[in-house]
Amino acid sequence: MSSADTAIAALRTGHDELSALVSGLTDEDLARPSAAAEWDISQVLSHLGSGAEIGRTVLRAALDGAPGPGHDFNQSVWDRWDAMGRRERADGFLQSDEALTALYESLDASARDNLRVDLGFMPAPVDVATVSRMRLNELALHSWDVRVAFDEHATLAPDATAALLHQGPDLFAWIGKVDRLDGRTLNLQVTTTAPDSVFALRLKPPISVDFDVPEQPDGTLGLPAEAWLRLVSGRLAPRHTPDGVTTTGAADLDLLRRVFPGY
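Per the numbering used here, the sequence shown starts with residue 1070, numbered consecutively.
Structure, rendered in structure tokens:
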């Protein structure tokens, strides 16, 4: 499978699993606080549903060879979803995310390899693998924000974790807060399981990850790959940290939580 195929397959799994949960939620459930700061469950679904609507319009424009919809369109979508009631948001998510997922699935091999999508905020149009992984990243993390409200031991889906571990989106320079290092520069070795990987985390401006692992790192961090993805997205609070996470040297979890506060 190509990287686009892998991401699109994971989008389907992610949609089906979250939809099964959302379909059974009561009005009280939709009002519960989610793991996303200041959002209840319905607001997370609104974010995912409006994003799916915008993403579908952007992808359809690329297929039609037309300009992207632009910021004014995006704002009108956000305003409409913000005005919805909680049940409308849940029902709207189910429909909107299904439509986006089905559109991705309808792309033939040529489109998956050759289509370029203008997102409006990137320096240049991106391929289907990139844009589908960006959507997968959002769906996987916000699905966790919903599911963990009902199960404090919730984890990211295995297929999404495998697709996102090293294939992007690469947001480290943007999401990492180097000012919280208090002037320190650290090179850490990170070892993940499920899937297995070993790589270097460079805590210096700009924060980055690569495979040139130092022989004598300043510290080591070992954890499941899904926990790594949650850590760097601000979703590895102590109560949501699985057993077996290990650190040595300067690889302090409290420091890393400060450096990666979430997005």
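Backbone N, C-alpha and C fix where the C-beta goes; we use that ideal spot for every residue, glycine too.
Because the structure is a prediction, the values reported are computed rather than measured.
Original post:
So, L1205 versus A1079, is the Cβ gap smaller than 8 Å?
Top reply: yes
Subject >> Spatial distance of T1310 from A1178 (CA atoms) >> reply: 39 Å
Original post:
Is it right to say R1308 is buried, meaning 16 or more other beta carbons lie within 10 angstroms of its own, or is it exposed?
Top reply: exposed
Original post:
Name the DSSP bridge partner or partners of T1316?
Top reply: DSSP output for T1316 lists L1290 as bridge partner(s).
Subject >> Pick from T1316, S1266, R1299, V1217 that is closest to P1286, judged by C-alpha positions >> reply: T1316
Original post:
What number of angstroms, rounded off, separates the C-alpha of V1146 from the C-alpha of I1123?
Top reply: 7 Å
Subject >> Extent of the continuous beta strand (DSSP E) to which V1217 belongs >> reply: Per DSSP, V1217 belongs to no beta strand (DSSP E) and is neither H nor E.
**OP:** Provide the residue(s) that pair with N1143 in DSSP beta bridges, ordered along the chain.
**Re:** Paired residue(s): none; N1143 is not in a bridge.
Original post:
In the DSSP assignment, what residue or residues form a beta bridge with F1329?
Top reply: Answer is none; F1329 lacks a bridge partner.
Original post:
Which residue from L1188, G1291, A1232 puts its Cα closest to that of P1136?
Top reply: L1188
Subject >> Burial state of W1243, where buried means 16 or more other Cβ atoms lie within 10 Å >> reply: A residue is called buried once 16 or more other Cβ atoms fall within 10 Å of its Cβ, and W1243, having fewer, is exposed.
Original post:
Going by other Cβ atoms of all chains shown within 10 Å of its Cβ, with 16 needed for buried, is P1275 buried or exposed?
Top reply: With fewer than 16 other CB atoms across the displayed protein chains lying within 10 angstroms of its CB, P1275 is exposed.
Subject >> Local conformation of D1260 per DSSP, three classes >> reply: A small fix is needed here, since residue 1260 is Thr in this sequence, not Asp. T1260 falls in the strand class under three-state DSSP.
Subject >> Beta bridge counterpart(s) of F1268 as assigned by DSSP >> reply: V1259.
Original post:
Under 8 Å between the Cβ atoms of L1233 and R1202?
Top reply: yes
Subject >> Those runs of the alpha helix (DSSP H) which lie wholly inside the segment 1080 to 1143 and span at least 4 residues >> reply: The qualifying runs are 1096 to 1099, 1110 to 1133.
Original post:
Exposed or buried, what is Q1144 when buried is set at 16 or more other beta-carbons lying within 10 Å of its beta-carbon?
Top reply: Under this definition Q1144 is an exposed residue.
Original post:
Since D1279 is in the beta strand (DSSP E), which residue starts that stretch and which ends it?
Top reply: 1277 to 1279
Subject >> Short Cβ contact (8 Å threshold) for T1170 with H1084 >> reply: Judged by their CB atoms, T1170 and H1084 are nearer to each other than the 8 Å cut-off.
**OP:** Please work out which residues of its chain come closer than 6 Å, Cβ to Cβ, to A1319, disregarding the five sequence neighbours upstream and downstream, and give them in chain order.
**Re:** L1255, D1287, G1288
Original post:
Which class does V1186 belong to by DSSP, given the choice of helix, strand or coil?
Top reply: strand
Subject >> Beta-bridge partners of V1195, as assigned by DSSP >> reply: V1186
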